[in-house]
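Step one of this worksheet: look at the structure below.
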Amino acid sequence: MIAIEAVSKTFETEKRRRLPALCDISLAVAAGEFVSILGPSGCGKSTLLYIVGGFVAPSAGAVTVNGQRVTGPSPDRGPVFQEFALFPWKTVLGNVMYGLQRQGVARQQALARARELIAMVHLAGYENLYPKELSGGMKQRVAIARTLAYRPSILLMDEPFGALDAHTRTRLQNDLLDIWERDRKTVLFVTHSVEEAVFLSDRVVTMTRAPGRLKQIIAIDLPRPRSRAALLLDRRFQDYVVGIERLMDSADSGAPA
Amino acid sequence: MTRPVSALAAVIAAAGLLAAWELAAWLAGIDGFPPASRALAQIPRILTDGEALLDIAASVQRMAVGFVLGVAAAVPIGLTMGRSRHVAAFFNPLLMMIYPVPKAALMPIIMLWLGVGDASKTLVIFLGVTLPVIYHSYQGSRAVEQKMLWSAAAMGMGGLSRLVRIVLPAALPEILVGCRTGLVLALITMVTSEMIARQAGLGNILFNALDMAQYDTVYAMIVIVGVLGFVLDAAFERLRARLVAWAAPSHAIIAGTT
Amino acid sequence: MRARSGIATVVLIGALPIALIVGVWHVLAATGMAPPSLLPAPSAVAARLVQQWSSPAYLEHAASTLLRLFAGFGIAVIAGIAIGVAVTASRWVGATVTPLVRVLAPVPKIALYPAFILTLGFGDASKIALVVADAVFPILLATAQGTAAVEPKLAWSAQAAGASRWRCLLTVVLPAALPSVLTGCRIGLVISCIVVFLAEMITSTDGLGHLLVRAARSFQTVDMFVPLITISLLGLLLNAGFNAVRRRLLAGFPETTE
Ligand SMILES: Nc1ncnc2c1ncn2[C@@H]1O[C@H](COP(=O)(O)OP(=O)(O)OP(=O)(O)O)[C@@H](O)[C@H]1O
Ligand SMILES: [Mg+2]
Numbered sequence: 001m002i003a004i005e006a007v008s009k010t011f012e013t014e015k016r017r018r019l020p021a022l023c024d025i026s027l028a029v030a031a032g033e034f035v036s037i038l039g040p041s042g043c044g045k046s047t048l049l050y051i052v053g054g055f056v057a058p059s060a061g062a063v064t065v066n067g068q069r070v071t072g073p074s075p076d077r078g079p080v081f082q083e084f085a086l087f088p089w090k091t092v093l094g095n096v097m098y099g100l101q102r103q104g105v106a107r108q109q110a111l112a113r114a115r116e117l118i119a120m121v122h123l124a125g126y127e128n129l130y131p132k133e134l135s136g137g138m139k140q141r142v143a144i145a146r147t148l149a150y151r152p153s154i155l156l157m158d159e160p161f162g163a164l165d166a167h168t169r170t171r172l173q174n175d176l177l178d179i180w181e182r183d184r185k186t187v188l189f190v191t192h193s194v195e196e197a198v199f200l201s202d203r204v205v206t207m208t209r210a211p212g213r214l215k216q217i218i219a220i221d222l223p224r225p226r227s228r229a230a231l232l233l234d235r236r237f238q239d240y241v242v243g244i245e246r247l248m249d250s251a252d253s254g255a256p257a
Numbered sequence: 001m002t003r004p005v006s007a008l009a010a011v012i013a014a015a016g017l018l019a020a021w022e023l024a025a026w027l028a029g030i031d032g033f034p035p036a037s038r039a040l041a042q043i044p045r046i047l048t049d050g051e052a053l054l055d056i057a058a059s060v061q062r063m064a065v066g067f068v069l070g071v072a073a074a075v076p077i078g079l080t081m082g083r084s085r086h087v088a089a090f091f092n093p094l095l096m097m098i099y100p101v102p103k104a105a106l107m108p109i110i111m112l113w114l115g116v117g118d119a120s121k122t123l124v125i126f127l128g129v130t131l132p133v134i135y136h137s138y139q140g141s142r143a144v145e146q147k148m149l150w151s152a153a154a155m156g157m158g159g160l161s162r163l164v165r166i167v168l169p170a171a172l173p174e175i176l177v178g179c180r181t182g183l184v185l186a187l188i189t190m191v192t193s194e195m196i197a198r199q200a201g202l203g204n205i206l207f208n209a210l211d212m213a214q215y216d217t218v219y220a221m222i223v224i225v226g227v228l229g230f231v232l233d234a235a236f237e238r239l240r241a242r243l244v245a246w247a248a249p250s251h252a253i254i255a256g257t258t
Numbered sequence: 001m002r003a004r005s006g007i008a009t010v011v012l013i014g015a016l017p018i019a020l021i022v023g024v025w026h027v028l029a030a031t032g033m034a035p036p037s038l039l040p041a042p043s044a045v046a047a048r049l050v051q052q053w054s055s056p057a058y059l060e061h062a063a064s065t066l067l068r069l070f071a072g073f074g075i076a077v078i079a080g081i082a083i084g085v086a087v088t089a090s091r092w093v094g095a096t097v098t099p100l101v102r103v104l105a106p107v108p109k110i111a112l113y114p115a116f117i118l119t120l121g122f123g124d125a126s127k128i129a130l131v132v133a134d135a136v137f138p139i140l141l142a143t144a145q146g147t148a149a150v151e152p153k154l155a156w157s158a159q160a161a162g163a164s165r166w167r168c169l170l171t172v173v174l175p176a177a178l179p180s181v182l183t184g185c186r187i188g189l190v191i192s193c194i195v196v197f198l199a200e201m202i203t204s205t206d207g208l209g210h211l212l213v214r215a216a217r218s219f220q221t222v223d224m225f226v227p228l229i230t231i232s233l234l235g236l237l238l239n240a241g242f243n244a245v246r247r248r249l250l251a252g253f254p255e256t257t258e
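Residue numbers (the UniProt record's numbering), protein chains in the order written: chain A, 1 to 257; chain B, 1 to 258; chain C, 1 to 258.
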């Protein structure tokens, strides 16, 4: 469903220096698949996600979604940014309503759907607070609800739980898996945490250091629905985590050309 | 603005403005709006007329004196305001009250006290310059990192020496932004006070020409004042950029006027 | 407790210089060191102030000043925001407007007043035009800088939700830049206050500025103070009103130092 074909990206800096960020990335993601991207800081993970979202144009190559070439953002690809990017002048409800209003949903229906989503991310009762009055984890849940509201079939999540404490992070991971089990959206998920990637994904994509190339793709053959407690004790889970951590530590010489 | 504007773009913009003026004047065809070419033709005459030139020089001199005195008075006030809450509390309400009063409007009263000579006009320019410079020095001084002052105190620096050796250089970029606004304000206050007092100077020449229906001269003077403003601002910006090359580039001035 | 006594101290300290000025002024007048023709007693000015503020004729003058002020400021706000947003939104507009602003912003707009008089007449139109010319630049610059600095991910979030380019500009980029836009507007408001008064001083048959000049011509010193104090208080009042609006509009934004 998502086909990333030979995508490269080179940034031009102010002083006309050329900065290669992504190098010849090809990746196909099936409908309903949960794929995580792992890689060292600055290897271009965010950039890749922005290109799939249509926010940034690739320097070479192309992305197609359901056979259609990506030329700009569209509501079937919903982003969730690491920085939340909530609208500070809108309340929780206003933020979640925004996409529904742009989709032309009637006000009453939009309100009902927004409230339902807010309840789903466990924020019922916080509808009328402004983002600045929320904790980091609450903000991230609003951001997820805001994106889910307009029912994208693809979620593009950039380290959505990166800035959260371990406890909140675990809860949100579970919530995300619940949502995913129910709707089977296609998810492209960037993270720094190997455990998180293995726990959530069908496949884990690892990248080399900058300029980022694909290193290795690992299929995670663990039963679903997954429970964190059970997996932590599961030998196969541990093997995946240790194996991928080793792979990430190893020199980038093993990268495919 | 967001991108630095090249000198070439500024020249093209100025030429475009003149061309638009020329065209609009031809289309309008009214006496009170001569084309750019006729107005510009007057400039050499004005600038070679000894008397007018002396008048303009006197204006600029008053402006320079008012500006220098204003900066000299405003910087220490602003810097101490930034480092002491009590000093800030002392000056803030007074400054708030003075802020919306047009300084040039004090001209009639000050002329009562000091006469129509240089003293009145210089005082008004001085008043016009001080406010933005105080404000920016205050902001700059307030933003100085407290830890920097603690380390200076630990090294044995006294209060005054901390203000001069640490706060002043640290706040310099912001002070210079204030000075840039102050410079434009000095010019504005100078022209305006001369328009109100009508004794001598650029503003006076401008309105005398208006009274005598010498429209070409009116517009020529407008161009001269405009160019003066642009050149002063550009020259100061160049100086500022050199003085504080280490600081982040400043944006075009937002604050400013009369 | 602590905070309250802190605020009380700040207010007291702030009242000090104002009380000091009025005190010295009173002593100067009461002891006859300054003759009333040069410096009327503060009590005389206060009495006249109260008398004038309840006189319909005076209020009519104040109303025409306010009318010009609001007309000019309103146009400047609309034009400044529209152009400022367009500068950020369109490469073309940005490339055209930026150098024009670079050339025009440091020009003392008051020098254009004779040109406005000649083309728009001596009435309200020329004064409003001057207010617009002066107030539009800070608003335009603040809007352009503010919108250019908006976090792109906010706009991306809107576009992904299905917002068109224009929709995104109006519903996300402009609101996100609101703190900066409002700072520009507040500077524009004070400038409007100042400029309208000056324009009325230079040529007018009504308005507060005209009252000052009329009083000066007939050496009515008391009457010279009244419009000046009125415009100062008017400025304070408008500023306070503006801050109330600002607080309401920026309810969701993190506190700023201003
Ligand atoms: N707008 C930009 N202009 C210039 N260079 C950029 C820009 N955005 C990203 N880069 C460069 O591209 C490279 C990849 O950046 P990117 O943000 O995609 O990395 P990342 O893998 O997401 O890193 P992290 O894990 O730290 O978030 C970096 O070297 C960065 O400096
Ligand atoms: Mg990233």
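Yeah, the Cβ is synthetic: ideal placement off N, Cα and C, and Gly gets one too.
Neighbourhood of residue i by C-beta, 8 Å cutoff - its chain only, sequence neighbours within 5 removed
| i | result |
| --- | --- |
| D234(A) | L222 |
| L141(C) | G84, V101, A105, G184 |
| A52(B) | I46, I205 |
| V73(B) | Residue 73(B) is actually Ala in this sequence, not Val. Same-chain partners within the cutoff: F126, T130. |
Where residue i meets chain C, residues with beta-carbon distance less than 7 Å
| i | result |
| --- | --- |
| T48(B) | Neighbours of T48(B) on chain C: none; closest Cβ ~21 Å, over 7 Å. |
| G229(B) | P106, V107, P108 |
| I81(A) | According to the sequence shown, residue 81(A) is Phe rather than Ile. The answer, in chain order, is K153. |
Check: residue i C-beta below 6 Å from any heavy atom of ligand 1
| i | result |
| --- | --- |
| S41(A) | yes |
| G44(A) | yes |
| A213(B) | no |
| F11(A) | yes |
| L19(A) | yes |
| T171(C) | no |
| A210(A) | yes |
| T47(A) | yes |
Contact list for residue i against chain A, beta-carbon separation under 9 Å
| i | result |
| --- | --- |
| V172(C) | F87, Y98 |
Cβ neighbour criterion (16 or more within 10 Å) applied to residue i
| i | result |
| --- | --- |
| D233(B) | buried |
| G70(B) | buried |
| L237(C) | exposed |
| R186(C) | buried |
| R165(B) | exposed |
Listed by chain order, chain B residues near residue i by CB distance under 7 Å
| i | result |
| --- | --- |
| F197(C) | P102, A105 |
| V190(C) | Y99, P100 |
Test item: CB-CB of residue i and residue j under 7 Å
| i | j | result |
| --- | --- | --- |
| K127(C) | A199(C) | yes |
| P160(A) | L86(A) | no |
| M138(A) | V80(A) | no |
| I134(B) | I77(B) | yes |
| G128(B) | K147(B) | no |
| V184(B) | L202(B) | no |
| L38(A) | T206(A) | yes |
Close beta carbons around residue i, own chain, < 6 Å, minus the five adjacent residues each side
| i | result |
| --- | --- |
| G78(A) | T147, P152, L155 |
| A62(A) | E5, R69 |
| L210(B) | V218 |
| V65(A) | I2 |
| A60(A) | S8 |
Residue i: contacting residues in chain C (beta-carbon distance under 9 Å)
| i | result |
| --- | --- |
| H86(B) | T9, V10, I13 |
Chain A residues whose Cβ lies nearer than 8 Å to that of residue i
| i | result |
| --- | --- |
| G162(C) | S74, P75, G99, R102, Q103, Y150 |
9 Å Cβ cut-off: residues of chain B touching residue i
| i | result |
| --- | --- |
| G209(C) | P102, A105 |
Chain-order list of residues whose beta-carbon lies under 7 Å from that of residue i (same chain, five-residue window excluded)
| i | result |
| --- | --- |
| G32(B) | Y215 |
| G53(A) | P73, R77, P79, L156 |
| V29(A) | M1, I2, V35, T186, L188 |
| F73(C) | V131, A135, G188, L189, S192 |
| L28(C) | A34, L39 |
Partners in chain C for residue i, counting only beta-carbon separations shorter than 8 Å
| i | result |
| --- | --- |
| M96(B) | L236, N239 |
| P131(A) | G252 |
Under 7 Å by beta carbon: chain A residues contacting residue i
| i | result |
| --- | --- |
| A95(C) | The premise fails here: A95(C) is roughly 17 Å from chain A at the closest Cβ pair, so nothing lies under 7 Å. |
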